[in-house]
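Numbering (the numbering used here), first residue to last: 123 to 353.
Report on one structure; see the data block that follows.
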């Protein structure tokens, strides 16, 4: 992937410059990790490539990054940008962090958890549309920064209130929450906002009874093409 890092707004040339000129470079570091994880997952679950040895690379900076690649089927991982940025010592930190995590989880070897995430990777049309969740904000953990409200109010579904009894208070409005997870991602406090599943009763947003049966996009009544196929 070709990329331009930035543009010098004084000299009006891409950075870095050589004699007043710049050109594109590559694409690496933490920004490429999501792309690399997806590519590894596709290799691991494709019938034609399933079982092939995989060496993961792309944005690996911490032991957790390495563990994620291994969970998607990698037997080894490679590090470039992180070593260039922090030096080779970062590899030792990755090793010690991964070792501690494996001890906590009870894994004696990488093979015991390698590929465990692969069966849980699917295509979007096979996700369960009857799986209803709502965001919950832990009021004891909330620092009232308002990031969840801003994200939901301006770019999502206006499903978070910001005031209660005249005081700053952030709470999810179940009737509006579509479980997009955006509030969870922007919250700076880990586990302050969680997604809780509703397994019975009425979904406040749709006013319909929650159906415990699995139904994906290919079979769900919300898909008009699925209804047509059933007929």
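Beta carbons: idealized from backbone N, C-alpha and C, even for Gly.
Check	Outcome
Quick one: using the 10 Å Cβ neighbour count with 16 as the cut-off for buried, is residue 290 buried or exposed?	exposed
Note down the Cα distance separating residue 132 from residue 147, rounded to an integer number of angstroms.	21 Å
Could you tell me which residues DSSP puts in a beta bridge with residue 255?	319
Could you tell me the alpha carbon to alpha carbon distance between residue 201 and residue 211, rounded to whole angstroms?	12 Å
So the candidates are 267, 295, 302; which of them puts its Cα closest to the Cα of residue 326?	295
Rounded to whole angstroms, what is the Cα-Cα separation between residue 175 and residue 241?	17 Å
Rounded to whole angstroms, what is the Cα-Cα separation between residue 323 and residue 284?	27 Å
Taking the alpha-carbon positions, what's the residue 307 to residue 209 distance?	30 Å
Check the C-beta distance from residue 181 over to residue 144 and give it rounded, since I have them as a contact under 8 Å.	Residue 181 to residue 144, Cβ: 24 Å. No contact.
Count the C-beta pairs between the region 149-164 and the region 189-196 that are closer than 8 Å, then say yes if the count reaches three, no if not.	yes
For the beta strand (DSSP E) that contains residue 292, what are its first and last residues?	289-294
To which residues does DSSP link residue 170 through a beta bridge?	Looking at the DSSP assignment, residue 170 forms no beta bridge with any residue, so it has no partner.
Classify residue 185: buried if its beta carbon has 16 or more other beta carbons within 10 angstroms, exposed otherwise.	buried
Which same chain residues, not among the five before or five after residue 266, have their C-beta less than 8 Å away from its C-beta?	290, 291, 292
Taking the C-alpha atoms as reference points, what is the distance between residue 161 and residue 204?	20 Å
Taking contact to mean 3 or more Cβ pairs, one atom from each stretch, closer than 8 Å, check whether the region 211-226 and the region 252-270 are in contact.	no
By Cβ distance below 7 Å, which residues in the same chain neighbour residue 342 in space, the five residues on each side in sequence not counted?	251, 348
Quick test of your reading: residue 310 and residue 258, contact by CB under 8 Å. State the CB separation rounded to the nearest angstrom.	Not really, about 17 Å apart at Cβ, beyond 8 Å.
In the DSSP output, what is residue 325 paired with across the bridge?	330
Output the distance between the C-alpha atoms of residue 275 and residue 281, rounded to the nearest integer angstrom.	7 Å
Just the C-alpha distance for residue 137 and residue 345, rounded to the nearest angstrom, thanks.	48 Å
What residue from 279, 319, 286, 315 has the CA that sits closest to residue 356's CA?	The displayed coordinates of the chain run from 123 to 353. Any statement about residue 356 would go beyond what the structure contains.
Considering Cα atoms alone, identify which of 336, 304, 178 is closest to residue 256.	304
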